[in-house]
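Quick note: to get our numbering, add 35 to the position in the sequence shown (first position is 1).
The structure appears right after this line, and notes come after that.
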Amino acid sequence: MLEGLNSEGLGDLGNLGNIGGMGGMGGMGDMGDMGDMDNVIVDEASPAPAPGLSTDEELLIQKSSESYEFQAEVSRLMDIIINSLYSQKDVFLRELLSNSADALEKARFTSVTDKSFLGNKTELEIRISYDVNKRTISITDTGVGM
């Protein structure tokens, strides 16, 4: 639960708990303890009442509300991501390695409760290979397939 705040009046936000921080963008996978996020339940059908509104006011707001579909221009978003978040050329490698590490951690966590999860795999690993002629770098892991 969010410490120091009363969960009443927060609506569904009170259910989120501690989702961790971004960790300085050194890898988007560094998001703190995300294990509790599997238990988050968001009830979109019955939002929490806004504090200070009567039932009649809430009904009026619900009747007059409008829904909008989110639309994004993918090329513009990619431009923002590439030029803003990834200003250093090697950041993508750090991101891929961070994702692999997160996949291994998730596999390790799952294997504690489900002994058959890993199957015949005895070790969790990240492999980095490269091909000079093709100018490629491959990063593979034995994690959960994130």
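Think of the CB as a built atom: it goes at the ideal place given N, C-alpha and C, for glycine as much as any other residue.
Rounded straight-line distance, which links the Cα of residue j to that of residue i
i    : j    : result
L131 : S99  : 46 Å
L88  : Q97  : 12 Å
F105 : N155 : 44 Å
D125 : M113 : 17 Å
S146 : L139 : 10 Å
D166 : S102 : 50 Å
D149 : A136 : 20 Å
A107 : R129 : 27 Å
Q123 : S151 : 41 Å
L153 : F127 : 28 Å
I116 : R170 : 24 Å
S119 : R111 : 12 Å
D91  : V109 : 41 Å
Neighbour flag for residue i against chain B, beta carbons, 9 Å
i   : result
L88 : In the displayed structure, chain B is absent; only one protein chain is listed.
Close-in-space but distant-in-sequence residues of the same chain around residue i (CB under 7 Å, 5 per side omitted)
i    : result
N168 : none
R143 : L159
Bridge partner(s) assigned by DSSP for residue i
i    : result
S164 : S173
Proximal residues to residue i (C-beta, below 6 Å), its chain only, five neighbours per side dropped
i    : result
M157 : Sequence check: residue 157 is Thr here, not Met. Counting only Cβ-Cβ distances below 6 Å, and skipping sequence neighbours, we find nothing.
I172 : Y165
Assess, as a yes-or-no matter, whether the segment 173 to 180 is touched by the segment 147 to 164 under the definition of 3 or more beta carbon pairs within less than 8 Å.
yes
Segments of 4+ residues assigned as alpha helix (DSSP H) that fall wholly inside the segment 92 to 131:
109 to 115
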